[in-house]
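See below for the structure under consideration.
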Amino acid sequence: MARSSRAHYVPFGFDFQINAGIILMIENIDHFSSLRLEGHYEDIEIQLDNGKYILAQAKSVVKACSDFSNVREKLKEGLRTLSKGSKDIDIEKLIYITNSPNPLKDESHNIFLGEQSHRMYNTLPEGSQKLIADYLKSMDLSLDLNKFMIQVFQFETDEPLERYKVVEKCVDYFISELRLSVPNLTRRVLSVWHKHVFINSSTSNPDIVLTKKDIIWPIIVIITETKDIPEDLDDRIDESLYEDIVHNYRDLINNCSENYALFIKVIHDYTEYKESSNFSKKIKSFIDNKWQEYVSEFNIDEIEDLDEDLKIGLTKTILYKILANRRDIDKVKRRLNIQ
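In the working numbering, each residue carries its 1-based index in the sequence shown increased by 273.
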């Protein structure tokens, strides 16, 4: 993962919020419907498939292990916004998520040791529970404390290996459950999420949300990437031509591979194709006999100055990339219940 420069171009607090969103999304992936950063109600809003929400207030400290001067003020502000945001929607959980190992600046600090901690309100020491209840009372706020959790994960320093170690472990566990044999998939997925997916969910428009499909399709794109000419196509596309196609038309290939409706159509057409029951022979036969039907579907006929060999090669390459990886793609869809 290209992480070496990330700490320098993303403000620390915003970077923390993005990674907190990734962790919370993964922890709730089975019932996850959509996610929004800087939303209508909170810093992080997760809508579940039952219509309920998880709201999280994200507060970070640059020198988390040594600076506890403002942690209580941050907690009070977090309680204030969680109380306000939870008034008009059905709540599953309310989370105050931070990187401070002593978020209450009291005797509870020992329970937040380690890389990650999750403590519901009723599992906090009595003194910590009273501190939170007194803050709410002093601000004349109501909050369903039965749904309130303090969550802490390590996130500190400008060294990427240290700063992102917890979120990378979470992503790695998530990827391992998909059982995919793709080199460096964890770091590649996290890099795409950091640079393109989650960063786009934090625009000033709170109506922009990330669905499960938005978050998962970058994994599909990575699965369908290939650099070497496939053996099943080596007698149909000249190797130098194939390399030229992959190099010059990578964006078009990836756009087609990640197009959900197009992917479904290709898989459906392939499934209905009765030429051969043998997978290797069937995929070759399908590509050879059906490629013409997808030239317009892939918008290849709109590319200017594209000669016939390139048109054929590009169309066959896209078809191959979708079909050859369909089992891994179906595995991802089934595991994450994407229709």
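For glycine and all other residues, C-beta sits at the position ideal for the given N, C-alpha and C.
Does the beta-carbon of residue i have 16 or more other beta-carbons within 10 angstroms, so that it is buried, or is it exposed?
| i | result |
| --- | --- |
| His469 | exposed |
| Lys589 | buried |
| Met422 | buried |
| Cys529 | buried |
| Asp288 | buried |
| Pro456 | exposed |
| Gln674 | For the chain, the structure presents residues 274 to 612; residue 674 sits outside this window and is missing. |
| Pro376 | buried |
| Ala406 | exposed |
| Ala534 | exposed |
Which of helix, strand or coil does DSSP assign to residue i?
| i | result |
| --- | --- |
| Phe536 | helix |
| Gln402 | helix |
| Tyr326 | strand |
| Arg452 | coil |
| Leu377 | coil |
| Phe341 | coil |
| Gln427 | coil |
| Leu525 | helix |
| Leu386 | coil |
| Tyr369 | strand |
| Glu318 | strand |
| Lys347 | helix |
| Met412 | coil |
| His391 | strand |
| Leu418 | helix |
| Lys547 | coil |
| Leu297 | helix |
| Ser356 | helix |
| Ser306 | strand |
| Lys332 | strand |
| Leu397 | coil |
| Ile628 | Residue 628 is absent from the model: the chain starts at 274 and stops at 612. |
| Ile495 | helix |
| Ile620 | Because the chain is modelled from 274 through 612, residue 620 falls outside the range shown and cannot be assessed. |
Report yes if the C-beta distance between residue i and residue j is below 9 Å; otherwise report no.
| i | j | result |
| --- | --- | --- |
| Ile556 | Tyr593 | yes |
| Lys604 | Leu451 | yes |
| Ile368 | Ile317 | yes |
| Ile493 | Val465 | no |
| Phe447 | Ile299 | yes |
| Lys366 | Ile327 | yes |
| Leu579 | Leu587 | yes |
| Lys485 | Ile302 | yes |
| Ala337 | Ser373 | yes |
| Phe428 | Val444 | no |
| Ile488 | Leu525 | no |
| Leu568 | Leu308 | At residue 568 the sequence reads Val, which differs from the Leu that was named. In this structure, Leu308 does not lie closer than 9 Å to Val568 by Cβ. |
Open item on the list: Count Cβ pairs between the region 347 to 355 and the region 320 to 333 that sit closer than 8 Å; are there 3 or more?
Closed with: yes
Task: Three CB pairs or more closer than 8 Å across the region 352 to 359 and the region 400 to 412 - done: yes
Open item on the list: Would you call the region 371 to 382 in contact with the region 401 to 408, where contact means no fewer than 3 C-beta pairs closer than 8 Å?
Closed with: yes
Open item on the list: Any contact between the region 422 to 436 and the region 383 to 397? By contact I mean 3 or more CB pairs, one from each, below 8 Å.
Closed with: yes
Task: Any beta strand (DSSP E) of 3 or more consecutive residues that is wholly inside the region 577 to 608 - done: none
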